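*Asks:*
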Amino acid sequence: MVSHPAMRPMFARTHWGHQRRALRRGITAAMLYAGGSELTHGTMRTMAEVHSRRGRAPVDPELYQFWIESLITTVAECDPRYAPELEPRWRQALQPMIDAFIEAY
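Going by the numbering used here, the first residue of the sequence shown is number 126, and it counts up by one from there.
(1) So Val175 is in the alpha helix (DSSP H); what residue range does that whole segment cover?
(2) Report the residue from His143, Ala173 and Ala201 whose alpha carbon sits nearest the alpha carbon of Trp215.
(3) If we require 4 or more residues per run, which alpha helix (DSSP H) segments fall completely within the stretch 144-215?
(4) Terminal residues of the continuous alpha helix (DSSP H) containing Arg133?
(5) Using CA atoms only, rank isn't needed, just tell me which of His176, Gln217, Asp204 and Ala208 is closest to Ile193.
(6) What separation, rounded to the nearest whole angstrom, lies between the Cα atoms of Gly151 and Arg133?
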């Protein structure tokens with residue numbers, strides 16, 4: 126939330142237990158989506174709609190760059206198996222989801 130001033134207000138009413146589970150499911154779905162899984166297309170459409178300007182949790186497309194930086198920083202700090210050479214793979218795996226979200230915005 127400190128990566129951009131617009132972030133903190135977006136999470137003012139967040140139930141963090143629900144958010145943690147949603148983020149875990151979303152990242153898993155993003156990885157499967159990037160890998161070409163047909164099963165995740167509906168999930169991606171639903172998530173993109175939630176974060177579109179018409180959704181219940183709209184996210185301005187310019188903010189995704191800050192989100193991905195924060196996520197990668199967190200993974201690097203918290204995952205003992207993280208290695209710097211994995212960073213491009215994280216970015217590559219998350220980019221199709223971000224592209225879908227931006228397109229749906």
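Glycine included, each C-beta is placed from N, C-alpha and C at the ideal position. Please read these numbers as outputs of a predicted model, since none were measured by experiment.
*Replies:* The short version:
(1) Taking the sequence shown and counting its residues from 1, one reaches residue 175 at position 50. Per DSSP, Val175 belongs to the alpha helix (DSSP H) from His166 to Val175.
(2) Taking the first residue of the sequence shown as 1, we reach residue 215 at position 90. Trp215 has its Cα closest to that of Ala201, out of His143, Ala173 and Ala201.
(3) 166-175 and 189-203
(4) Position 8 of the sequence shown holds residue 133. Looking at the DSSP string, the run of the alpha helix (DSSP H) that includes Arg133 is Met132 to Met135.
(5) Your numbering for residue 193 matches position 68 in the sequence shown. Ranking the options by Cα distance to Ile193, first place goes to Gln217.
(6) By one-based count along the sequence shown, residue 151 stands at place 26. By one-based count along the sequence shown, residue 133 stands at place 8. So the alpha carbons of these two residues sit roughly 20 Å apart.
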